[in-house]
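Engineer:
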Amino acid sequence: MNLKKADEKMQNLSKDGKAPLTQVVVALLLTIGIAVMLSVTLPSSPSQAASEDYNDIENEFEGDAEAIEYGRQRYARRCAYCHGGGGAGAKGPSLTRGKFKYSRKGLTSELYSIIAGGIPNTQMGAFGRLLDGDEILKIIAYIRQESARRAAEEQSQDE
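Here's what the structure looks like:
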């Protein structure tokens, strides 16, 4: 088939309401290109986005007895149902072992991200709309204090 006949066929296809093959190919390539660009620039999950936003948080409430008590109260109201009283674990994992199932390093930023944004495809919901930033940090301070207290208890029992 020569080019003139191919061009005539393409024009006829356009008149019939069908897009020419070149337009379909160009549209497909553009769609793929845009999808690739978005996948590179957008975070893959809300948790990833939050983790990037809160990557270097210093928790000013750690060691502050009043803030930790407030964190305990918020924990009892928002977290204990799944994670048990004192963070020992129930329906959700224990939070007092110093290691966290969905956190690589246990950084404050990771914990903040998990509490605020939740964990996709798990029962861990997002609490970022129910708790403000300071409340989340106070809960983290409480969890860390409980973790340290339990570790000290276990160590004294081993001796």
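Residues 193 to 351 in the numbering used here are what the sequence shown lists, from first letter to last.
Built from N, CA and C at the ideal position, the CB exists for glycine as well.
Computed from a predicted model, the values in this text were never measured in an experiment.
Find out if the Cβ-Cβ distance for the pair Tyr304, Ile260 is shorter than 8 Å.
Structural biologist: Their beta carbons are not under 8 Å apart, which means Tyr304 does not touch Ile260 by this criterion.
Engineer: For Arg336, which of Lys283, Ala268, Gly278 and Cys274 has the nearest alpha-carbon?
Structural biologist: The shortest Cα separation from Arg336 among Lys283, Ala268, Gly278 and Cys274 belongs to Gly278.
Engineer: Quick one: grab the DSSP three-state call for Thr314.
Structural biologist: Coil, per DSSP.
Engineer: For Gly320, which option in Arg270, Lys283, Ser295 and Ser348 has the closest C-alpha, if you only look at C-alpha atoms?
Structural biologist: It is Arg270 whose Cα lies nearest to the Cα of Gly320.
Engineer: Do Leu284 and Cys274 have their C-beta atoms within less than 8 Å of each other?
Structural biologist: First, the amino acid is wrong: residue 284 is Gly here, not Leu. In contact: Gly284 and Cys274 (Cβ atoms closer than 8 Å).
Engineer: Considering only their Cβ atoms, is the gap separating Leu329 from Asn251 smaller than 8 Å?
Structural biologist: Yes, Cβ-Cβ distance for Asn251 and Leu329 is below 8 Å.
Engineer: Which of helix, strand or coil does DSSP assign to Lys330?
Structural biologist: Correct three-state label for Lys330: helix.
Engineer: Distance cutoff 8 Å, beta carbons only. Does Phe292 sit that close to anything in chain B?
Structural biologist: In the structure shown, chain B cannot be found, because there is only a single protein chain.
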